[in-house]
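Asker: Here's a structure for you.
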Amino acid sequence: MQQMYSNNKIRTKRSMTGNGLAKPPLFSLENISVTYGRIKALSEINLKISKGEMIFLTGPSGSGKTTLLKLLTKDIKQTSGKLSFHGPDKLFVAPVYQDLKLLENQTVEENLWCAYDKKIYGTKKYFASEVKELTHLLAMQNRMDLKVSLANGGLRHKTAFLRALLTRPDVLIADELTASLDYDNARKMYDILNLLNVKRGLTVIWATHNRDLINKFSGKIIHLDNGRIIHSGQSCFM
Amino acid sequence: MFYVEHIINILKRTIFLSLAFMITTMFLFNYLAFRTDIESKINHFVASKIAKPHFFGLIDNKVNVQAVRRKLVGLPGIAGVSTVDDTKIKAKVSSIISGLDESLSYDDMKLSYSGLKIIFDPEIRNKGQTLLRNYLVRLVGEDNVILGPVLSSNRQDSTTSKWIRGWGYLFVLVSLSVFWLMLTSQFVYRVFFESKVIEKFKRTNYVAEKSCLILVCSLSLIIVLPQLMIKGTVDLISLGVFALSMFLMTILFNTKKWI
Ligand SMILES: Nc1ncnc2c1ncn2[C@@H]1O[C@H](COP(=O)(O)OP(=O)(O)O)[C@@H](O)[C@H]1O
Ligand SMILES: [Mg+2]
Numbered sequence: 005m006q007q008m009y010s011n012n013k014i015r016t017k018r019s020m021t022g023n024g025l026a027k028p029p030l031f032s033l034e035n036i037s038v039t040y041g042r043i044k045a046l047s048e049i050n051l052k053i054s055k056g057e058m059i060f061l062t063g064p065s066g067s068g069k070t071t072l073l074k075l076l077t078k079d080i081k082q083t084s085g086k087l088s089f090h091g092p093d094k095l096f097v098a099p100v101y102q103d104l105k106l107l108e109n110q111t112v113e114e115n116l117w118c119a120y121d122k123k124i125y126g127t128k129k130y131f132a133s134e135v136k137e138l139t140h141l142l143a144m145q146n147r148m149d150l151k152v153s154l155a156n157g158g159l160r161h162k163t164a165f166l167r168a169l170l171t172r173p174d175v176l177i178a179d180e181l182t183a184s185l186d187y188d189n190a191r192k193m194y195d196i197l198n199l200l201n202v203k204r205g206l207t208v209i210w211a212t213h214n215r216d217l218i219n220k221f222s223g224k225i226i227h228l229d230n231g232r233i234i235h236s237g238q239s240c241f242m
Numbered sequence: 007m008f009y010v011e012h013i014i015n016i017l018k019r020t021i022f023l024s025l026a027f028m029i030t031t032m033f034l035f036n037y038l039a040f041r042t043d044i045e046s047k048i049n050h051f052v053a054s055k056i057a058k059p060h061f062f063g064l065i066d067n068k069v070n071v072q073a074v075r076r077k078l079v080g081l082p083g084i085a086g087v088s089t090v091d092d093t094k095i096k097a098k099v100s101s102i103i104s105g106l107d108e109s110l111s112y113d114d115m116k117l118s119y120s121g122l123k124i125i126f127d128p129e130i131r132n133k134g135q136t137l138l139r140n141y142l143v144r145l146v147g148e149d150n151v152i153l154g155p156v157l158s159s160n161r162q163d164s165t166t167s168k169w170i171r172g173w174g175y176l177f178v179l180v181s182l183s184v185f186w187l188m189l190t191s192q193f194v195y196r197v198f199f200e201s202k203v204i205e206k207f208k209r210t211n212y213v214a215e216k217s218c219l220i221l222v223c224s225l226s227l228i229i230v231l232p233q234l235m236i237k238g239t240v241d242l243i244s245l246g247v248f249a250l251s252m253f254l255m256t257i258l259f260n261t262k263k264w265i
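Below is the structure:
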């Protein structure tokens with residue numbers, strides 16, 4: 005069986021773009037503000053995100069993490085400022101929403117099949133084998149026929165995560181991905197993302213308010229508070 | 007093809023809603039197309055049911071009127087016999103007797119008469135009606151009865167049929183349309199909801215809109231087929247109304263924020 009991880013040439017080192025090296029950014033945000041009525045969710049954000057970055061977006065609840073991610077998935081528009089998308093012809097951004105947005109009356113498997121694209125996988129069989137592989141990795145292969153509305157929080161998060169991952173995106177956006185997962189499962193997800201990040205240059209933007217978790221993973225940290233970036237830098241753990 | 011598969015999946019998952027939606031669509035828009043035909047058929051049917059020929063008879067109270075009534079009811083060709091309210095007699099009598107003989111006056115009647123309303127079966131022709139009237143005269147004796155002319159319908163009945171013509175069809179049309187709107191919006195909502203989510207995981211846009219377009223095309227077939235089979239022509243106006251309503255609904259749902 006052809007393994008998804010063996011398709012592309014392995015890049016051994018994560019591209020070090022955090023310091024603004026040669027690569028053009030995928031996203032560039034210039035003076036971006038978003039307001040909801042009188043609430044200023046983001047104020048004058050300046051940020052560049054390059055291909056192959058692994059970014060953790062941290063900050064307390066209400067600091068604007070979700071708002072920032074929704075800008076990148078084009079689900080909302082900025083109130084002011086300039087947001088530009090670069091990169092491949094059709095930069096594909098796959099989201100894991102904070103509220104997951106699963107199709108509740110369908111099974112776990114049916115939700116995963118949302119990600120099937122003939123142009124990318126060629127055959128359904130190939131997609132199915134990849135589903136099998138990834139669901140094994142996350143130990144959810146026995147609960148594929150469960151209706152999502154009946155699934156527990158962990159399984160729901162895994163389903164939403166794989167649905168995004170299986171689209172083979174250029175950028176994966178994850179909002180509070182590990183909210184209802186224990187450390188082991190969070191670690192597994194991180195490892196999968198990290199592998200794809202290194203091998204395929206997958207860009208990951210992962211929002212979480214769980215700082216303990218971040219300290220155990222490596223990546224670039226962008227800390228938001230009250231709609232502003234107050235700190236940005238590499239996480240201490242490597 | 008992805009969009010067809012997508013629509014079929016939604017249809018399968020909401021099988022009862024989908025069936026109700028499709029059947030109502032077929033009924034409503036074919037009703038629009040066949041409106042004149044259907045209404046003239048119903049008018050005809052209602053008229054035949056309502057237009058019951060009948061006549062009034064005044065019978066001297068020395069005859070057992072109830073016995074006469076029972077006898078008449080049992081006869082073939084008689085749809086019903088009812089006694090006329092005593093207070094109504096006064097009003098009716100004058101008109102009936104003036105139709106019979108001008109020398110008779112209401113005062114000659116006194117209160118010694120009871121009124122009967124005899125209703126014929128609609129199928130009974132003139133000859134049969136005369137036979138039955140003659141039978142009644144023989145039954146009670148010529149001197150004891152005064153018969154009014156045969157009337158084809160009464161006022162109350164014609165108001166019923168007028169109401170059906172004026173408001174009944176409108177009522178049916180409006181309630182069918184409201185029901186259709188409810189089902190359709192429910193269904194299109196589902197199409198939009200699922201499409202908008204799925205779209206985020208596809209490298210295509212306008213999944214909901216394209217799905218609705220496919221839906222409109224296939225439902226147009228359901229609407230047109232009966233017309234082609236029965237009439238051999240297609241009513242473009244009803245088809246246009248259908249397409250336009252679906253188009254407006256799609257626009258409406260598009261303004262909603264789905265994610
Ligand atoms: N749809 C909305 N309408 C009004 N206010 C909102 C909406 N979404 C978010 N907000 C507000 O914007 C601010 C930032 O929210 P959010 O981006 O969800 O923060 P986080 O994801 O970091 O918890 C909060 O004060 C929140 O109440
Ligand atoms: Mg949030």
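First to last, the sequence lines map onto chains R and A. Be aware that the first sequence starts at 5, since it is given in the numbering used here, and climbs by one per residue. Be aware that the second sequence starts at 7, since it is given in the numbering used here, and climbs by one per residue. No residue lacks a Cβ here, since even glycine has one placed at the ideal position from N, Cα and C.
Any C-beta of chain R sitting closer than 9 angstroms to the C-beta of A/E215?
Answerer: Position 209 of the second sequence, counting from 1, holds the residue named residue 215 of chain A. The beta carbon of A/E215 does not come within 9 angstroms of any beta carbon belonging to chain R, so the residue lies off that interface.
Asker: In terms of residues, what are the limits of the beta strand (DSSP E) holding A/V280?
Answerer: No answer is possible for residue 280 of chain A: it lies beyond the span of chain A, which begins at 7 and ends at 265.
Asker: Let's test the definition: count the other Cβ atoms within 10 Å of the Cβ of R/H227 and tell me whether it reaches 16, buried, or not, exposed.
Answerer: In the first sequence, counting from the first residue as 1, residue 227 of chain R sits at position 223. Buried is the call here.
Asker: Can you have a look at A/A73 and say buried or exposed, based on whether 16 or more other CB atoms are within 10 angstroms of its CB?
Answerer: What you label residue 73 of chain A is simply residue 67 of the second sequence in a count that begins at 1. With a threshold of 16 other beta carbon atoms within 10 Å, A/A73 falls short and is exposed.
Asker: So is A/K4 in contact with chain R if we call contact Cβ pairs under 9 angstroms?
Answerer: Beyond the ends of chain A as shown, which are 7 and 265, falls residue 4 of chain A; an answer cannot be given.
Asker: Tell me whether R/A178, by its Cβ, gets closer than 8 angstroms to a heavy atom of ligand 1.
Answerer: As a working mapping, residue 178 of chain R is identified with position 174 in the first sequence. No, the beta carbon of R/A178 sits no closer than 8 angstroms to any heavy atom of ligand 1.
Asker: Need the endpoints of the alpha helix (DSSP H) that R/M58 sits in, please.
Answerer: Counting from one through the first sequence, the residue named residue 58 of chain R turns up at place 54. Premise fails: R/M58 lies in the beta strand (DSSP E), M58 to T62, not in any alpha helix (DSSP H).
Asker: Looking only at its chain, what residues have a beta carbon closer than 7 angstroms to the beta carbon of A/M255, apart from the 5 residues adjacent to it on each side?
Answerer: Residue numbering aside, residue 255 of chain A sits at position 249 when the second sequence is read from its first letter. Answer for A/M255: T190, S191 and V194, listed in chain order.
Asker: Could you name the residues, in chain order, whose CB is less than 6 angstroms away from a heavy atom belonging to ligand 1?
Answerer: R/Y40, R/I43, R/A45, R/G63, R/S65, R/G66, R/S67, R/G68, R/K69, R/T70 and R/T71
Asker: Can you name the residues of chain R whose CB is closer than 7 angstroms to the CB of A/E200?
Answerer: For the purposes of this step, residue 200 of chain A is taken as residue 194 along the second sequence, with counting starting at 1. Chain R residues near A/E200: L107.
Asker: Given 8 angstroms as the limit, is there contact between the segment 73-89 of chain R and the segment 8-24 of chain A, that is, 3 or more CB pairs closer than that?
Answerer: no
Asker: When every heavy atom of ligand 3 is checked, does at least one fall within less than 8 angstroms of the C-beta of R/W117?
Answerer: This structure simply doesn't include ligand 3; it includes ligand 1 and ligand 2 instead.
Asker: Taking the alpha-carbon of R/L30 as reference, which of R/G85, R/G205 and R/Y101 has the nearest alpha-carbon?
Answerer: The sequence position of residue 30 of chain R within the first sequence is 26, counting from 1. The alpha carbon of R/L30 has as its nearest neighbour, out of R/G85, R/G205 and R/Y101, the alpha carbon of R/G205.
Asker: Pick helix, strand or coil for R/Q145, following the three-state DSSP scheme.
Answerer: Taking the first sequence and counting its residues from 1, one reaches residue 145 of chain R at position 141. Here R/Q145 sits in helix by DSSP.
Asker: Which residues, in chain order, does the segment 89-100 of chain R contribute to contact with chain A at a C-beta distance below 7 angstroms?
Answerer: K94, F96, A98 and P99
Asker: State whether the segment 79-90 of chain A contacts the segment 194-205 of chain A, with contact taken as three or more CB pairs (one from each stretch) at a distance under 8 angstroms.
Answerer: no
Asker: Can you check whether the CB of A/F61 is closer than 9 angstroms to the CB of A/L137?
Answerer: Translated into positions along the second sequence, residue 137 of chain A becomes position 131. Translated into positions along the second sequence, residue 61 of chain A becomes position 55. Using a Cβ distance threshold of 9 angstroms, A/L137 and A/F61 do not count as a contacting pair.
Asker: So does the segment 127-145 of chain R actually touch the segment 156-168 of chain R, counting three or more Cβ pairs closer than 8 angstroms?
Answerer: yes
Asker: Which chain A residues sit within Cβ distance under 7 angstroms of R/D121?
Answerer: Residue 121 of chain R sits at position 117 when you count from the first residue of the first sequence. Those are K208 and R209, listed as they occur along chain A.
Asker: Just reading off the alpha helix (DSSP H) that A/L221 is part of, what are its end residues?
Answerer: Residue numbering aside, residue 221 of chain A sits at position 215 when the second sequence is read from its first letter. Where A/L221 is concerned, the enclosing alpha helix (DSSP H) stretches over V213 to I236.
Asker: Taking buried to mean at least 16 other C-beta atoms within 10 Å of its own C-beta, is R/A3 buried or exposed?
Answerer: In the structure as shown, chain R begins at 5 and stops at 242. Residue 3 of chain R is therefore absent and cannot be evaluated.
Asker: I need the straight-line Cα distance from R/G158 to R/T111, nearest angstrom please.
Answerer: As a first step, residue 158 of chain R must be located in the first sequence, where it is residue number 154. As a first step, residue 111 of chain R must be located in the first sequence, where it is residue number 107. If you take the alpha carbons of R/G158 and R/T111, they lie about 15 angstroms apart.
Asker: Within 8 angstroms: the Cβ of R/A164 and any heavy atom of ligand 2?
Answerer: Against the first sequence, residue 164 of chain R aligns to sequence position 160. In this structure, R/A164 has its beta carbon at no less than 8 angstroms from each heavy atom of ligand 2.
Asker: Is A/Y37 closer than 9 angstroms to A/L182 when the C-beta atoms are compared?
Answerer: One-based indexing of the second sequence puts residue 182 of chain A at position 176. One-based indexing of the second sequence puts residue 37 of chain A at position 31. In this structure, A/Y37 lies closer than 9 angstroms to A/L182 by Cβ.
Asker: Let me check understanding here. Comparing Cα to Cα, which of A/F35, A/N150 and A/M7 lies closest to A/S226?
Answerer: Walking along the second sequence from the start, residue 226 of chain A turns up at place 220. Out of A/F35, A/N150 and A/M7, A/F35 has the C-alpha closest to the C-alpha of A/S226.
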